[in-house]
Amino acid sequence: MIYLQLFWSFFQVGLFSFGGGYAALPLIQQQVIENNHWLSSTEFIDIITISQMTPGPIAINASTFVGTKVAGLPGSIIATIGCVTPSCIIVLLLARLYYKYRNLSIVQGMIIGLRPAVVALIGSAGLSIFLTALFNKEEFPVSLSDLNWISVIIFAICFLILRKTKFGPIQVMIASGIAGIAIYYIF
Amino acid sequence: MKKDASFYWTLFLSTFTLSAFTFGGGYVIVPLMQKRFVRELKWIDEEEMLDLVAIAQSAPGPIAVNSSIIVGYRMAGILGAIVSIIGTVLPPLLITTLISYFYVAFRENPIVSALLLGMQAGVAAVIINVIYDMASKIILQKEWIPIVMMILAFAATLFFDVNILIVLAVCGIVGILNHQEKKDETEGGPEV
Chain H
16 MIYLQLFWSF
26 FQVGLFSFGG
36 GYAALPLIQQ
46 QVIENNHWLS
56 STEFIDIITI
66 SQMTPGPIAI
76 NASTFVGTKV
86 AGLPGSIIAT
96 IGCVTPSCII
106 VLLLARLYYK
116 YRNLSIVQGM
126 IIGLRPAVVA
136 LIGSAGLSIF
146 LTALFNKEEF
156 PVSLSDLNWI
166 SVIIFAICFL
176 ILRKTKFGPI
186 QVMIASGIAG
196 IAIYYIF
Chain C
359 MKKDASFYWT
369 LFLSTFTLSA
379 FTFGGGYVIV
389 PLMQKRFVRE
399 LKWIDEEEML
409 DLVAIAQSAP
419 GPIAVNSSII
429 VGYRMAGILG
439 AIVSIIGTVL
449 PPLLITTLIS
459 YFYVAFRENP
469 IVSALLLGMQ
479 AGVAAVIINV
489 IYDMASKIIL
499 QKEWIPIVMM
509 ILAFAATLFF
519 DVNILIVLAV
529 CGIVGILNHQ
539 EKKDETEGGP
549 EV
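As you go down the protein sequences, you meet chains H and C in turn.
FYI, in the numbering used here the residues of the first sequence are 16 to 202.
FYI, in the numbering used here the residues of the second sequence are 359 to 550.
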């Protein structure tokens, strides 16, 4: 029963990928290449490429890609549902607890303590996005010779627009994409 | 707030649009959600939004999906969570299905790769901007414990690859201890 297998494989991917994003990669690899032989290693690298080029979490991109390949459109829908089911159950449980107990002093302390941690986590993810965009490298160390000056300029202009004008993130992202086409493709 | 059809449509459309623009990893959805739900729709206040992100972060699964589920739940219970999860999952589902049919042509298209190269820089600006806002808010409170925790948590994840759950657990415990101590001080301190 291929649908059940798809559901169960991606259920496990969803359940064990803490930390989001690339944390899911080894799990997907294990389920899709080693356990079920649904994809070759080359196709797996293609999924990573696709997920970098398209919106959405890599786990969802992978479920959809594998599901489509193995069992067409129904396969992609079932694999995706499998992938988000653990999130649904656990997040809803945590949410209930939060709204029930958030006025307790101990929970308040914990929540206040978590805020700097959340900022730090977003900060470290943001740094790797920043390095990828400007140096084409995800981690330190980077060398100045890798610096892509066109990206630096696009980055600086976008940053200024966000801080000084009322344009929102989505407009800025669209504009940077158009700038990319204009600079890299037309000229 | 009235939970009529137009409310659910707004919720669906918001999560759908946000998800369609989360290039470059789940965290990009955090600034987008703040802008949409906190500043434009004024459904959730800024502090509560950060708490919701913390919850989304401590559960397994994609952060973009988790934050949508929790925002939907916050606004309209289970039904809200279902509406927002469908909104979040549809864009990657549709786009990836489409792309998987003609992947090679898409990958080798020079316009597509130019577009994506430009967007990388824009995405970086969006996320650095929101980190700047969030970090300055914590620094301006001028309390040293949160500031130190923020720096340590940053270093722990960036340089030492410490598991995110451990970082969250430690910060939560420090928060509880710090909060209890402050409460004792305002109440005159424990009897000696």
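Just so it is clear, CB atoms sit at the ideal spot from N, CA and C, and this is done for glycine as well.
Selection H:A135, H:I127, H:P70, H:L109 evaluated against C:L448 yields H:P70 as nearest (Cα-Cα). Not one beta carbon of chain H lies nearer than 9 Å to the beta carbon of C:S372. When C-beta atoms of the region 519-533 of chain C are compared with those of the region 127-139 of chain H, three or more pairs fall below 8 Å, so the two segments count as touching.
Within the same chain, Cβ atoms closer than 7 Å to the Cβ of C:A422 are found at S377, T380, G384, I387, T446, the five residues on either side in sequence being excluded.
Contact with chain H is found for C:S377, since one of that chain's Cβ atoms lies less than 9 Å from the residue's Cβ. Separation of H:S160 and H:S139 (C-alpha to C-alpha, rounded to the nearest whole angstrom) is 23 Å. Not a single unbroken stretch of the beta strand (DSSP E) spanning 3 or more residues falls wholly within the region 109-168 of chain H. Between H:I93 and H:A86, the gap from beta carbon to beta carbon is short of 9 Å. Two segments are said to touch when three or more pairs of C-beta atoms, one from each, lie closer than 8 Å; by this definition the region 491-509 of chain C does not touch the region 183-201 of chain H. Proximity of chain C to H:S55 at the Cβ level (cut-off 9 Å) is not reached, the minimal Cβ distance being about 14 Å. Identification of chain H residues near C:T380 by a Cβ-Cβ cut-off of 7 Å yields P70, G71, ordered along the chain.
Cβ-Cβ distances below 7 Å link C:Y431 to G438, A439 in the same chain, with the five nearest sequence neighbours on each side left out; the list follows chain order. Considering only C:F395, C:R394, C:A434, C:S426, the residue with the shortest C-alpha distance to C:D362 is C:A434.
Annotation: H:L42 to C:K540 spans about 43 Å, alpha carbon to alpha carbon. When the Cα atoms are used, H:I137 and H:I189 turn out to be separated by approximately 22 Å. The C-beta of H:A86 comes no closer than 9 Å to any C-beta of chain C. Sorting H:P156, H:I185, H:Y116 by C-alpha distance to the C-alpha of C:G480 places H:I185 at the top.
Contact annotation, H:G141 with H:A74: C-beta distance approximately 20 Å; criterion of less than 8 Å not satisfied. Taken through DSSP and simplified to helix, strand or coil, C:I402 comes out as coil. Under the 9 Å criterion on CB atoms, H:Q123 is classed as interfacial with respect to chain C.
C:I443 reaches chain H at V99, C103, counting residues in chain order whose Cβ is nearer than 7 Å. Annotation: Cβ neighbours of H:N76 in chain C (cutoff 7 Å, chain order): P450, T454.
For C:M391, the enclosing alpha helix (DSSP H) covers residues 387-391. In this structure, the CA atom of H:Y113 is about 43 Å from the CA atom of H:I168. H:M16 sits exposed, since fewer than 16 C-beta atoms from the chains shown fall within 10 Å of its C-beta.
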